[in-house]
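First the structure, in the form of C-alpha coordinates, and then the observations on it.
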Amino acid sequence: MSAGRDRLQIGTYGDVHTTRTSAGTVRALTRYRDWDGEVRKVTATAGNARAAKRALREKLVRRAESSGFGAELSSESTVAELAEAWLEGVRTRSDLADGTKDVYRRELNSLVLPTFKKLRLYEVTVGRVDQFLKRQALVSDAYARHSRSALKRLFDFALRRDAIRSNPVSGTARLAAANDKKPKALSLEELDQVRHAVSVWRTGAGVMGPKPDGQVRDVIEVLLGTSEPPQVRCRSYTGCGSRLRAA
3 MSAGRDRLQI
13 GTYGDVHTTR
23 TSAGTVRALT
33 RYRDWDGEVR
43 KVTATAGNAR
53 AAKRALREKL
63 VRRAESSGFG
73 AELSSESTVA
83 ELAEAWLEGV
93 RTRSDLADGT
103 KDVYRRELNS
113 LVLPTFKKLR
123 LYEVTVGRVD
133 QFLKRQALVS
143 DAYARHSRSA
153 LKRLFDFALR
163 RDAIRSNPVS
173 GTARLAAAND
183 KKPKALSLEE
193 LDQVRHAVSV
203 WRTGAGVMGP
213 KPDGQVRDVI
223 EVLLGTSEPP
233 QVRCRSYTGC
243 GSRLRAA
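Counting the sequence shown from 1 gives a position; my numbering is that position plus 2.
This is the structure in C-alpha coordinates:
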(Lines of atoms letter the chains of each structure in order from A and count residues from 1; the text may use other names and numbers.)
(Lines give C-alpha, C1' and ligand atoms only; values in the text may rest on other atoms or scores of the structure.)
Protein backbone atom coordinates (compact mmCIF):
# COMPACT_ATOMS: atom_id res chain seq x y z
CA MET A 1 0.00 0.00 0.00
CA SER A 2 1.43 3.37 -0.93
CA ALA A 3 1.98 6.04 1.69
CA GLY A 4 -0.49 8.37 -0.03
CA ARG A 5 -3.45 6.04 0.31
CA ASP A 6 -5.80 6.05 3.27
CA ARG A 7 -5.38 2.94 5.37
CA LEU A 8 -8.33 0.59 5.02
CA GLN A 9 -10.04 -0.90 8.03
CA ILE A 10 -10.10 -4.69 8.19
CA GLY A 11 -13.04 -6.04 6.20
CA THR A 12 -13.41 -2.92 4.02
CA TYR A 13 -12.43 -2.04 0.47
CA GLY A 14 -11.32 1.02 -1.47
CA ASP A 15 -12.52 2.69 -4.66
CA VAL A 16 -13.86 0.48 -7.43
CA HIS A 17 -12.31 0.89 -10.89
CA THR A 18 -13.38 -0.69 -14.17
CA THR A 19 -11.38 -1.61 -17.28
CA ARG A 20 -12.35 -3.24 -20.55
CA THR A 21 -10.67 -6.56 -21.29
CA SER A 22 -9.37 -7.81 -24.63
CA ALA A 23 -12.38 -10.10 -24.80
CA GLY A 24 -14.73 -7.13 -24.75
CA THR A 25 -15.99 -7.65 -21.18
CA VAL A 26 -15.60 -5.23 -18.27
CA ARG A 27 -13.49 -6.01 -15.22
CA ALA A 28 -14.24 -4.28 -11.88
CA LEU A 29 -11.32 -4.09 -9.45
CA THR A 30 -10.78 -2.87 -5.90
CA ARG A 31 -8.39 -3.24 -2.97
CA TYR A 32 -9.73 -5.26 -0.03
CA ARG A 33 -8.13 -5.50 3.42
CA ASP A 34 -8.44 -9.10 4.62
CA TRP A 35 -8.81 -10.42 8.17
CA ASP A 36 -5.02 -10.84 8.44
CA GLY A 37 -4.43 -7.16 7.64
CA GLU A 38 -3.11 -7.85 4.14
CA VAL A 39 -4.50 -5.71 1.31
CA ARG A 40 -5.36 -7.76 -1.79
CA LYS A 41 -6.86 -7.03 -5.18
CA VAL A 42 -10.33 -8.42 -5.81
CA THR A 43 -11.87 -8.48 -9.28
CA ALA A 44 -15.10 -9.47 -10.99
CA THR A 45 -15.95 -9.54 -14.70
CA ALA A 46 -19.26 -9.03 -16.51
CA GLY A 47 -20.68 -7.78 -19.79
CA ASN A 48 -20.88 -4.13 -18.74
CA ALA A 49 -19.55 -1.83 -16.01
CA ARG A 50 -22.73 -1.82 -13.94
CA ALA A 51 -22.96 -5.61 -13.88
CA ALA A 52 -19.24 -5.94 -13.14
CA LYS A 53 -19.51 -3.62 -10.13
CA ARG A 54 -22.54 -5.51 -8.85
CA ALA A 55 -20.71 -8.82 -9.22
CA LEU A 56 -17.71 -7.37 -7.40
CA ARG A 57 -19.83 -6.17 -4.48
CA GLU A 58 -21.44 -9.59 -4.18
CA LYS A 59 -18.01 -11.19 -4.21
CA LEU A 60 -16.84 -8.85 -1.46
CA VAL A 61 -19.86 -9.69 0.69
CA ARG A 62 -19.16 -13.42 0.35
CA ARG A 63 -15.50 -12.79 1.15
CA ALA A 64 -16.39 -10.87 4.31
CA GLU A 65 -18.87 -13.52 5.44
CA SER A 66 -16.40 -16.35 4.90
CA SER A 67 -13.79 -14.55 7.03
CA GLY A 68 -16.28 -13.73 9.78
CA PHE A 69 -16.53 -9.99 9.23
CA GLY A 70 -19.95 -9.97 7.60
CA ALA A 71 -21.65 -10.33 10.99
CA GLU A 72 -19.26 -8.06 12.89
CA LEU A 73 -20.66 -5.48 15.25
CA SER A 74 -19.45 -1.92 15.65
CA SER A 75 -20.36 1.15 17.65
CA GLU A 76 -22.66 2.05 14.74
CA SER A 77 -24.69 -1.15 15.18
CA THR A 78 -28.08 -0.83 16.82
CA VAL A 79 -28.96 -2.49 20.10
CA ALA A 80 -31.50 -4.58 18.18
CA GLU A 81 -28.69 -5.91 15.96
CA LEU A 82 -26.56 -6.59 19.02
CA ALA A 83 -29.44 -8.43 20.68
CA GLU A 84 -29.98 -10.60 17.60
CA ALA A 85 -26.31 -11.61 17.51
CA TRP A 86 -26.22 -12.24 21.26
CA LEU A 87 -29.38 -14.37 21.25
CA GLU A 88 -27.99 -16.45 18.41
CA GLY A 89 -24.97 -17.19 20.58
CA VAL A 90 -27.18 -18.02 23.56
CA ARG A 91 -29.20 -20.48 21.48
CA THR A 92 -26.08 -22.48 20.61
CA ARG A 93 -24.62 -22.63 24.13
CA SER A 94 -24.65 -26.14 25.55
CA ASP A 95 -23.79 -25.00 29.09
CA LEU A 96 -27.13 -23.18 29.53
CA ALA A 97 -30.39 -24.95 30.33
CA ASP A 98 -33.35 -24.27 28.05
CA GLY A 99 -35.13 -22.58 30.94
CA THR A 100 -32.22 -20.19 31.44
CA LYS A 101 -32.18 -19.35 27.73
CA ASP A 102 -35.90 -18.58 27.89
CA VAL A 103 -35.37 -16.27 30.87
CA TYR A 104 -32.54 -14.42 29.09
CA ARG A 105 -34.65 -13.96 25.96
CA ARG A 106 -37.74 -12.89 27.89
CA GLU A 107 -35.86 -10.35 30.03
CA LEU A 108 -34.15 -8.90 26.98
CA ASN A 109 -37.37 -8.55 25.00
CA SER A 110 -39.51 -7.21 27.84
CA LEU A 111 -37.07 -5.08 29.85
CA VAL A 112 -34.30 -3.85 27.53
CA LEU A 113 -35.37 -3.69 23.89
CA PRO A 114 -38.50 -1.54 24.31
CA THR A 115 -36.24 1.32 25.44
CA PHE A 116 -32.93 0.67 23.68
CA LYS A 117 -33.56 -1.27 20.45
CA LYS A 118 -33.30 1.73 18.08
CA LEU A 119 -30.23 3.27 19.72
CA ARG A 120 -26.78 2.75 18.26
CA LEU A 121 -24.23 1.27 20.62
CA TYR A 122 -22.27 4.51 20.94
CA GLU A 123 -25.50 6.22 22.05
CA VAL A 124 -25.94 3.88 25.03
CA THR A 125 -24.00 5.89 27.59
CA VAL A 126 -23.50 5.39 31.32
CA GLY A 127 -25.81 8.31 32.05
CA ARG A 128 -28.56 7.01 29.80
CA VAL A 129 -28.40 3.53 31.35
CA ASP A 130 -28.30 4.99 34.87
CA GLN A 131 -31.45 7.03 34.26
CA PHE A 132 -33.15 4.00 32.75
CA LEU A 133 -32.37 1.87 35.81
CA LYS A 134 -33.67 4.58 38.13
CA ARG A 135 -36.96 4.59 36.23
CA GLN A 136 -37.10 0.81 36.47
CA ALA A 137 -36.51 1.04 40.23
CA LEU A 138 -39.66 3.16 40.52
CA VAL A 139 -41.57 0.09 39.38
CA SER A 140 -39.70 -2.20 41.78
CA ASP A 141 -36.18 -2.94 42.97
CA ALA A 142 -36.40 -6.40 41.41
CA TYR A 143 -37.41 -4.87 38.08
CA ALA A 144 -34.31 -2.67 38.13
CA ARG A 145 -32.00 -5.53 39.12
CA HIS A 146 -33.25 -7.81 36.34
CA SER A 147 -32.96 -4.96 33.84
CA ARG A 148 -29.39 -4.29 34.93
CA SER A 149 -28.44 -7.97 34.63
CA ALA A 150 -29.94 -8.22 31.15
CA LEU A 151 -28.11 -5.09 29.98
CA LYS A 152 -24.85 -6.25 31.57
CA ARG A 153 -24.96 -9.59 29.73
CA LEU A 154 -25.77 -7.90 26.44
CA PHE A 155 -23.03 -5.28 26.59
CA ASP A 156 -20.45 -7.71 27.93
CA PHE A 157 -21.02 -9.54 24.65
CA ALA A 158 -20.56 -6.30 22.69
CA LEU A 159 -17.33 -5.68 24.59
CA ARG A 160 -16.01 -9.12 23.65
CA ARG A 161 -16.83 -8.38 20.01
CA ASP A 162 -14.84 -5.12 20.10
CA ALA A 163 -18.00 -3.15 19.32
CA ILE A 164 -17.57 -0.91 22.40
CA ARG A 165 -14.62 0.16 24.54
CA SER A 166 -16.32 -0.29 27.92
CA ASN A 167 -19.58 -1.61 29.30
CA PRO A 168 -21.87 1.35 30.12
CA VAL A 169 -23.65 -0.69 32.78
CA SER A 170 -20.50 -0.97 34.89
CA GLY A 171 -20.43 2.75 35.62
CA THR A 172 -24.01 3.05 36.86
CA ALA A 173 -24.97 3.68 40.48
CA ARG A 174 -25.34 0.70 42.77
CA LEU A 175 -28.89 -0.58 43.03
CA ALA A 176 -30.52 -1.33 46.35
CA ALA A 177 -30.05 -4.98 47.21
CA ALA A 178 -32.98 -7.10 48.30
CA ASN A 179 -31.74 -7.05 51.91
CA ASP A 180 -30.87 -3.33 51.98
CA LYS A 181 -34.28 -2.31 53.27
CA LYS A 182 -34.57 -1.87 57.01
CA PRO A 183 -36.79 -4.46 58.69
CA LYS A 184 -40.08 -3.20 60.08
CA ALA A 185 -40.96 -4.35 63.58
CA LEU A 186 -44.48 -5.57 64.27
CA SER A 187 -46.56 -3.67 66.77
CA LEU A 188 -48.01 -5.45 69.82
CA GLU A 189 -51.41 -5.37 68.16
CA GLU A 190 -49.98 -7.01 65.02
CA LEU A 191 -48.26 -9.67 67.14
CA ASP A 192 -51.56 -10.50 68.80
CA GLN A 193 -53.18 -10.80 65.38
CA VAL A 194 -50.44 -13.20 64.21
CA ARG A 195 -50.77 -15.36 67.32
CA HIS A 196 -54.55 -15.44 66.98
CA ALA A 197 -54.37 -16.38 63.30
CA VAL A 198 -51.99 -19.24 64.10
CA SER A 199 -54.09 -20.50 67.00
CA VAL A 200 -57.30 -20.77 64.92
CA TRP A 201 -55.63 -22.04 61.74
CA ARG A 202 -57.51 -25.09 60.40
CA THR A 203 -59.58 -25.43 63.58
CA GLY A 204 -62.95 -24.37 62.19
CA ALA A 205 -65.89 -26.67 61.58
CA GLY A 206 -65.89 -28.50 58.28
CA VAL A 207 -62.12 -28.25 57.73
CA MET A 208 -60.95 -31.39 55.95
CA GLY A 209 -57.73 -33.22 56.77
CA PRO A 210 -55.68 -33.56 59.96
CA LYS A 211 -55.83 -30.92 62.64
CA PRO A 212 -52.79 -28.73 63.35
CA ASP A 213 -50.20 -30.34 65.62
CA GLY A 214 -48.91 -27.04 67.01
CA GLN A 215 -45.65 -26.92 65.07
CA VAL A 216 -46.57 -23.74 63.18
CA ARG A 217 -47.42 -22.07 66.49
CA ASP A 218 -44.10 -23.22 67.94
CA VAL A 219 -42.16 -21.93 64.92
CA ILE A 220 -43.79 -18.49 65.28
CA GLU A 221 -42.94 -18.34 68.98
CA VAL A 222 -39.31 -19.36 68.36
CA LEU A 223 -38.93 -16.69 65.68
CA LEU A 224 -40.46 -14.05 67.93
CA GLY A 225 -38.27 -15.10 70.82
CA THR A 226 -34.98 -15.11 68.88
CA SER A 227 -35.67 -12.28 66.38
CA GLU A 228 -33.88 -14.35 63.72
CA PRO A 229 -34.98 -14.75 60.09
CA PRO A 230 -36.73 -18.08 59.41
CA GLN A 231 -33.93 -19.37 57.18
CA VAL A 232 -31.32 -18.72 59.89
CA ARG A 233 -33.31 -20.37 62.66
CA CYS A 234 -34.26 -23.36 60.49
CA ARG A 235 -30.63 -23.98 59.55
CA SER A 236 -29.94 -24.51 63.25
CA TYR A 237 -31.95 -27.72 63.14
CA THR A 238 -31.79 -30.78 60.93
CA GLY A 239 -35.30 -31.26 59.68
CA CYS A 240 -36.33 -27.92 61.18
CA GLY A 241 -40.00 -28.61 61.89
CA SER A 242 -39.46 -32.07 63.34
CA ARG A 243 -36.96 -30.79 65.92
CA LEU A 244 -38.34 -27.42 66.88
CA ARG A 245 -39.83 -28.89 70.04
CA ALA A 246 -36.37 -29.97 71.16
CA ALA A 247 -35.18 -26.38 70.83
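Where a beta carbon is used, it is the ideal one built from N, C-alpha and C, also for glycine.
{"Check": "Using alpha carbons as the reference points, say which of V131, M210, T228 and S79 lies closest to A160.", "Outcome": "S79"}
{"Check": "Would you call the segment 129–144 in contact with the segment 58–66, where contact means no fewer than 3 C-beta pairs closer than 8 Å?", "Outcome": "no"}
{"Check": "For T45, which of R52, D36, G39 and L58 has the nearest alpha-carbon?", "Outcome": "L58"}
{"Check": "Between which two residues does the beta strand (DSSP E) containing Y34 stretch?", "Outcome": "V28 to R35"}
{"Check": "What does DSSP give as the partner residue(s) for V44 in the beta ladder?", "Outcome": "T32"}
{"Check": "Within a Cβ cutoff of 7 Å, which residues of the same chain sit near G16, ignoring the five residues on either side of it in sequence?", "Outcome": "L10, T32 and R33"}
{"Check": "Suppose you measure from the CA of R52 to the CA of T23; what does that come to, to the nearest Å?", "Outcome": "15 Å"}
{"Check": "Please list the terminal residues of the continuous beta strand (DSSP E) segment that includes R204.", "Outcome": "That residue, R204, is in no beta strand (DSSP E); it is neither H nor E in DSSP."}
{"Check": "Could you pull out every residue in the same chain whose Cβ sits closer than 8 Å to the Cβ of E2, ignoring the five residues on either side in sequence?", "Outcome": "The chain is shown from 3 up to 249; residue 2 falls before or after that span and cannot be answered."}
{"Check": "Would you mind reading off the limits of the alpha helix (DSSP H) that contains R22?", "Outcome": "Unbroken run through R22 is the beta strand (DSSP E), H19 to R22; no alpha helix (DSSP H)."}
{"Check": "What is the DSSP secondary structure of R122, reduced to helix, strand or coil?", "Outcome": "strand"}
{"Check": "Within its chain, find whatever has a CB closer than 8 Å to the CB of E83; leave out the 5 residues flanking it on each side and keep chain order.", "Outcome": "L75"}
{"Check": "Is it true that the CB of P214 sits closer than 8 Å to the CB of T205?", "Outcome": "yes"}
{"Check": "Tell me, please, whether the segment 114–121 touches the segment 183–202 by the rule of three or more beta-carbon pairs shorter than 8 Å.", "Outcome": "no"}
{"Check": "Let me check understanding here. Comparing Cα to Cα, which of E109, A30 and A146 lies closest to A85?", "Outcome": "E109"}
{"Check": "Can you tell me whether L123 is buried or exposed, with buried defined as 16 or more other CB within 10 angstroms of its CB?", "Outcome": "buried"}
{"Check": "Rounded to a whole number of angstroms, what is the C-alpha to C-alpha distance between N169 and R42?", "Outcome": "35 Å"}
{"Check": "Can you tell me whether T80 is helix, strand or coil according to DSSP?", "Outcome": "strand"}
{"Check": "Is it buried or exposed, W37, if we count other Cβ atoms within 10 angstroms and call 16 or more buried?", "Outcome": "exposed"}
{"Check": "Hey, could you find the ends of the alpha helix (DSSP H) V105 is sitting in?", "Outcome": "D100 to E109"}
{"Check": "How many whole angstroms separate the CB atoms of V171 and F157, which I take to be in contact at a CB cut-off of 8 Å?", "Outcome": "6 Å"}
{"Check": "Using CA atoms only, rank isn't needed, just tell me which of G208, A207 and R155 is closest to L89.", "Outcome": "R155"}
{"Check": "A144: buried (16+ other C-beta within 10 angstroms of its C-beta) or exposed?", "Outcome": "exposed"}
{"Check": "By how many angstroms is the C-alpha of K103 removed from the C-alpha of A146?", "Outcome": "20 Å"}
{"Check": "Between A25 and R95, what straight-line distance do the alpha-carbon atoms span, to the nearest angstrom?", "Outcome": "52 Å"}
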